[in-house]
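First up is the structure itself, then whatever we jot down about it.
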Amino acid sequence: MADPTAAATPVLEVSGLTVAYGDTEVLRDVSFTLAPGERLGIVGESGSGKSTAVSAVLGLLAGDGHVTGGSIRFRGEEIAGVPEARMRQLRGRSIALIPQDPMTNLNPSMRVGDQIADALRAYGTRGRAAVRAHVVRLMTEAGIPEAERRRRQFPHEFSGGMRQRVLIAMALAGDPDLIIADEPTSALDVTVQKQILDHLQKLVDDRGMSLLFVTHDLGVAADRTDQIVVMHRGAVAEQGGPAQVLFDPQDDYTRELIAASPKLVVPPRDGADDTGDPVLEVRDLTRVYPLRGRREELRALDGVTFTAARGRTTAIIGESGSGKSTTARIVLGLETATSGEVVVDGTSTTSSTRADLARLRRFAQPVFQDPYSSLNPTMSVERIILEPLTIFRVGTKTQRRARVAELLDQVALPRSVADARPGELSGGQRQRVAIARAIASRPELLVCDEAVSALDVLVQDQILTLLRSLQEELGLSCLFISHDLAVVADFAHDVVVMRSGRIVEQGPVDRVIDHAEHEYTQALIAAVPGDQLTRV
Amino acid sequence: MIRFTAVKIGEAAITFVLASIVIFVGVRSLPGDPALAMAGEEATPERVAQIRADLGLDEPMVVQYLTFLRNVFTGDLGESTRTGQAVTEMIATTLPVTLWLSAYALAVAVIAGVALGMLAERFRGRMPEALSNVLALVGLSVPNFWLGLLAILLLAVSLGWFPASGYVDVLSDPVRGLYYLTLPAVILGTSLAAVITRQTRASMIETMNTDYVRTARAKGLSRPRILFRYGLRNSLIVLVTIIGLQLGGLISGAVVTERIFALPGLGKLTLDAVFARDYPVIQAVVLVITLAYIVINLAVDLLYSVINPTIRTGVSTP
Chain A
63 MADPTAAATP
73 VLEVSGLTVA
83 YGDTEVLRDV
93 SFTLAPGERL
103 GIVGESGSGK
113 STAVSAVLGL
123 LAGDGHVTGG
133 SIRFRGEEIA
143 GVPEARMRQL
153 RGRSIALIPQ
163 DPMTNLNPSM
173 RVGDQIADAL
183 RAYGTRGRAA
193 VRAHVVRLMT
203 EAGIPEAERR
213 RRQFPHEFSG
223 GMRQRVLIAM
233 ALAGDPDLII
243 ADEPTSALDV
253 TVQKQILDHL
263 QKLVDDRGMS
273 LLFVTHDLGV
283 AADRTDQIVV
293 MHRGAVAEQG
303 GPAQVLFDPQ
313 DDYTRELIAA
323 SPKLVVPPRD
333 GADDTGDPVL
343 EVRDLTRVYP
353 LRGRREELRA
363 LDGVTFTAAR
373 GRTTAIIGES
383 GSGKSTTARI
393 VLGLETATSG
403 EVVVDGTSTT
413 SSTRADLARL
423 RRFAQPVFQD
433 PYSSLNPTMS
443 VERIILEPLT
453 IFRVGTKTQR
463 RARVAELLDQ
473 VALPRSVADA
483 RPGELSGGQR
493 QRVAIARAIA
503 SRPELLVCDE
513 AVSALDVLVQ
523 DQILTLLRSL
533 QEELGLSCLF
543 ISHDLAVVAD
553 FAHDVVVMRS
563 GRIVEQGPVD
573 RVIDHAEHEY
583 TQALIAAVPG
593 DQLTRV
Chain B
44 MIRFTAVKIG
54 EAAITFVLAS
64 IVIFVGVRSL
74 PGDPALAMAG
84 EEATPERVAQ
94 IRADLGLDEP
104 MVVQYLTFLR
114 NVFTGDLGES
124 TRTGQAVTEM
134 IATTLPVTLW
144 LSAYALAVAV
154 IAGVALGMLA
164 ERFRGRMPEA
174 LSNVLALVGL
184 SVPNFWLGLL
194 AILLLAVSLG
204 WFPASGYVDV
214 LSDPVRGLYY
224 LTLPAVILGT
234 SLAAVITRQT
244 RASMIETMNT
254 DYVRTARAKG
264 LSRPRILFRY
274 GLRNSLIVLV
284 TIIGLQLGGL
294 ISGAVVTERI
304 FALPGLGKLT
314 LDAVFARDYP
324 VIQAVVLVIT
334 LAYIVINLAV
344 DLLYSVINPT
354 IRTGVSTP
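Order-wise, the sequence lines are chains A and B.
Here the first sequence is numbered in my numbering, starting from 63 and rising by one per residue.
Here the second sequence is numbered in my numbering, starting from 44 and rising by one per residue.
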């Protein structure tokens, strides 16, 4: 951590930066300064302009985006609007990017080693042996084991975390002065996120590089940076040291953001007591998938047993591959179990007839993760919400239409959106439509599969509030699938922790989070970012 | 990769056997008795029965089919009822013409199509893109034979740049052989080139907008490197599939093109055989064309797995 005042020339000095796409201004008068060896966090929700700012610094604004005002100085040199040839010299060698999504940022048809070698050659390394040795060294430094063998593999043979390490190796290849990390771990599991951020921090510190860290997660930014810039609607809302921003925020938006950020604290909550009357019983559930072209099979679920109490929220938490979504799909009757039993409201559904299944569908309704792909884009909001009512033949046509209006009120959407199509709505509005559709047939069990994971924190907070009030009002039970321990701590009554298809721990949420017994649960809790946020 | 290749070859073999059954039954169910036709109108019933026995037509269908299959694999495709020539021989002289023409046309189509498509992507919203779009539209909508006639009229008759017809064996005189084939190949390749142009443009626009291309730019790579290794390479995955599907059209297009330029190829042989109701020849030509389709598809499948590594290695390892 360098003292910013000690440095003569800042590594990056952005002042009064204004960027427009076509005639639409998306960035207004953005200024910040990054001293050598310093770590600066840019925090904001989607659409806040944080990624646009990064693209502008790299000279990689998409489409017709262009800088309309202000300046970007790199080590004192003005780089806003310099010719492409000069920018190309700076990219990678002086300013490197670690992009957001490791799944889409590697060339799928090129071996990972060749992709790193590509960069090295562009920076002037010559000779096959020299390039190869350097690739192996970079991959090893980025924390990839067996680099000599793995450099010959393709991206699809790497896990998300390992791909992100490849991208880090790539960014280090040019030994740059400034590394821009654009949400480098938001697509990864928390335990992997922690490893990678720890590793990245060490690499940057060892080399004395400056780090521009872009994130939507205030908790991550507070833990990992020396200075925070909060962006909102294309402008800087607030900036300062993490302690000042977190504990003494000056701007209303920052305050809202802090309040809405889920923290790993279990608040006292109301809701029905566990009466011992289960709405859902899952008994010894096992799901096995054959693996194509292989002898062994994948045990996605292995002896999963738990109950969900009526009127309460039971969360299933786990990382990717834990089997949490498979469990949800089997409970919904969208997938069949290899063995075991699911009892919904006293009726076993695993050996069910069509009539049983129809009853189950009415009793348990899903809300899925991605509100952009889970609503039919060609249907109007009214038709989407009407559909379950028509299928279950609820009431007359006029009664159904009245019910749609009532449902829109319930999820706090204006009745005017009935004629809109999903494409015209925001992510939060769409998720409200998905909830209205789910509760239309008056189900008793709502199965939310990562229902708030794709949403910005403020919207996430609003949707959770809505779910909570619906639960009280309608006495709904909720099976809440999530990877986010902080959200679960905030929202659920009971929690089931899953890993690799098995349950490792379960119980009331305060017991599990405050006194975790299993070491995996403890590791999950330790990996949740936002130590400082918890103390707000 | 070896396993994958073996499976694909096995699939191709099964396809060929199934196709041969369809062809065999198809030809058998054509109206008219070949024995009666051969014997002539005045023949006695004994004579017809004799011919029928000679041809093996009195055997059960299954036995007849197995005999047919055995003959096919030993290269005996029967004799032409029109000329009495061995069908194998007729195909051996005509097939190379069609193969050269199709290969040349394919090369023209791929080179022109990919170049025009990439040009359109590079200069989006400007003249080259508009030009490329217009050319693609013309190539798709103007029929082959009309384009061929126009080309003969302009380039062969008026300007005298190319011969209007004729064929020189490519192997014995490559320069003159390819020169004679140029006009037909360009005409035959036009519609495929148009399809490839459109597809290249669309795929390039898509790949050049991907995250990994942006990351490649952020690495400071040169423009050509990004264009070919990151852009085109990944666009090829879609392109190869499309080209494979369209190659069938190339073969049927060859029939028409050979007719216009009077090339002694498979197309001409087919037309002549159809007009003369020369069943053994028709059967053999259909069989050869079917085999060509199967081989092309096999080649595309194998090529596809080379271009797209996710197919080759299958399940990912952590």
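Quick reminder that beta carbons are idealized off the backbone N, C-alpha and C, glycines included.
Computed from a predicted model, the values in this text were never measured in an experiment.
Spatial neighbours of residue i within its chain, please: C-beta separation below 6 angstroms, excluding the five flanking residues on both sides.
i, result
"Arg-53/A", "Since the first residue shown for chain A is 63 and the last is 598, residue 53/A is missing from the structure and cannot be characterised."
"Val-299/B", "Asn-187, Phe-188"
"Pro-88/B", "none"
"Ser-208/B", "Phe-304, Ala-305"
"Leu-347/A", "Leu-363, Val-366, Ala-399, Gly-402"
"Ile-141/A", "Ile-134"
"Ala-62/B", "Thr-333"
"Arg-125/B", "Ala-319, Asp-321"
Sorted by chain position, which residues of the same chain lie with C-beta nearer than 7 angstroms to residue i's C-beta, five sequence neighbours on each side aside?
i, result
"Val-256/B", "Thr-250, Ile-269, Tyr-273, Gly-274"
"Met-133/B", "Ser-123, Leu-312, Val-324"
"Ser-246/B", "Ser-278, Val-281, Leu-282"
"Gly-131/A", "Gly-78, Thr-80"
"Tyr-351/A", "Glu-359, Leu-360, Ala-362"
"Arg-155/A", "Tyr-185, Gly-236, Pro-238"
So, helix, strand or coil for residue i, using DSSP?
i, result
"Asp-611/A", "Because residue 611/A is not part of the residues shown, which for chain A are 63 to 598, the question remains open."
"Tyr-185/A", "coil"
"His-196/A", "helix"
"Phe-368/A", "strand"
"Tyr-43/B", "Residue 43/B is absent from the model: chain B starts at 44 and stops at 361."
"Ser-442/A", "coil"
"Glu-397/A", "coil"
"Arg-361/A", "strand"
"Ile-565/A", "strand"
"Ala-129/B", "strand"
"Leu-341/B", "helix"
"Gln-431/A", "coil"
"Val-73/A", "coil"
"Pro-352/A", "strand"
"Arg-153/A", "strand"
"Arg-169/B", "coil"
"Met-104/B", "helix"
Using 10 angstroms around the beta-carbon of residue i, count the other beta-carbons present and answer buried if the total reaches 16, otherwise exposed.
i, result
"Thr-114/A", "buried"
"Pro-428/A", "buried"
"Glu-300/A", "buried"
"Gly-53/B", "exposed"
"Phe-216/A", "buried"
"Gln-326/B", "buried"
"Met-63/A", "Reliability of the predicted coordinates at Met-63/A is poor, the pLDDT of 45 falling under 50, and no value is obtained from them."
"Gln-312/A", "exposed"
"Met-232/A", "buried"
"Val-320/B", "The residue asked about is misnamed: residue 320/B is Arg in this sequence, not Val. Counting Cβ neighbours within 10 Å, Arg-320/B comes out exposed, since fewer than 16 surround it."
"Asn-351/B", "buried"
Near residue i, what residues of its chain come up, given a Cβ to Cβ distance below 8 angstroms and the 5 sequence neighbours on each side ignored?
i, result
"Gly-357/B", "Confidence in Gly-357/B is poor, its pLDDT being 45 and thus under 50, which makes the residue's placement too unreliable to answer from."
Determine the chain D residues that contact residue i at a beta-carbon separation under 8 angstroms, and present them in chain order.
i, result
"Ile-332/B", "Chain labels in this structure do not include chain D; the protein chains are A and B."
**Request:** Kindly confirm or deny that the region 174-184 of chain A and the region 192-210 of chain A touch, where touching means at least three C-beta pairs closer than 8 angstroms.
**Result:** Yes, they touch.
**Message:** List, from N- to C-terminal side, the beta strand (DSSP E) runs of 3 residues or more that fit wholly inside the region 296-345 of chain A.
**Reply:** Taking 3 residues as the shortest admissible run, the region 296-345 of chain A contains the following complete beta strand (DSSP E) segments, listed from N- to C-terminal end: 297-302.
**In chain order, each beta strand (DSSP E) run of at least 3 residues that lies wholly inside the region 451-529 of chain A** = When DSSP assignments are scanned along the region 451-529 of chain A, the uninterrupted stretches of beta strand (DSSP E) that are 3 or more residues long and fall wholly within it turn out to be 507-511.
**Asked** Per the contact definition of three or more C-beta pairs closer than 8 angstroms, is the region 523-532 of chain A in contact with the region 554-566 of chain A?
**Response** Note that the region 554-566 of chain A does not touch the region 523-532 of chain A; fewer than 3 beta-carbon pairs, one per stretch, sit closer than 8 angstroms.
**Request:** Pick out the complete alpha helix (DSSP H) segments inside the region 174-257 of chain B, 4 residues or longer, and give them in chain order.
**Result:** The region 174-257 of chain B contains, as complete alpha helix (DSSP H) runs of 4+ residues, the segments 187-194, 217-251 (chain order).
**Message:** What ranges does the beta strand (DSSP E) occupy inside the region 530-562 of chain A, keeping only unbroken runs of at least 3 residues that lie completely in it?
**Reply:** Those beta strand (DSSP E) runs which fall completely within the region 530-562 of chain A and span 3+ residues are 539-544, 556-561.
**Item:** Segments assigned beta strand (DSSP E), at least 3 residues, entirely inside the region 76-130 of chain A
**Value:** 86-96, 101-105, all fully within the region 76-130 of chain A.
**Prompt:** Three or more C-beta pairs closer than 8 angstroms, one from the region 436-451 of chain A and one from the region 494-505 of chain A: is that the case here?
**Reply:** The answer is yes - the region 494-505 of chain A touches the region 436-451 of chain A, with three or more Cβ pairs under 8 angstroms.
**Asked** Counting only runs that start and end within the region 208-277 of chain A, where is the alpha helix (DSSP H) found for 4 or more residues in a row?
**Response** Fully contained in the region 208-277 of chain A are the following alpha helix (DSSP H) runs of length 4 or more, in chain order: 209-212, 222-234, 252-269.
**Three CB pairs or more closer than 8 angstroms across the region 233-242 of chain A and the region 261-275 of chain A** = With the cut-off at 8 angstroms, the region 233-242 of chain A and the region 261-275 of chain A touch.
**Item:** Touching by the beta-carbon criterion (3+ pairs, under 8 angstroms), the region 102-118 of chain A and the region 144-151 of chain A
**Value:** By the Cβ test, the region 102-118 of chain A is not in contact with the region 144-151 of chain A, since fewer than three Cβ pairs between them sit closer than 8 angstroms.
**Prompt:** Is it a yes or a no for the region 209-220 of chain B touching the region 173-180 of chain B, going by three-plus beta-carbon pairs under 8 angstroms?
**Reply:** No: the two stretches stay apart, fewer than three of their Cβ pairs being nearer than 8 angstroms.
**Asked** If we count Cβ pairs, one from each stretch, closer than 8 angstroms, do we get three or more for the region 505-523 of chain A versus the region 457-475 of chain A?
**Response** Verdict: no, contact absent.
**Request:** Evaluate the contact criterion for the region 533-549 of chain A versus the region 508-515 of chain A: three or more CB pairs, one atom per stretch, below 8 angstroms.
**Result:** At 8 angstroms Cβ cutoff, the stretches touch.
**Request:** Report yes or no: do three or more beta-carbon pairs, one from the region 280-294 of chain A and one from the region 116-126 of chain A, lie closer than 8 angstroms?
**Result:** Three or more beta-carbon pairs separated by less than 8 angstroms are not found between the region 280-294 of chain A and the region 116-126 of chain A, which leaves the two stretches without contact.
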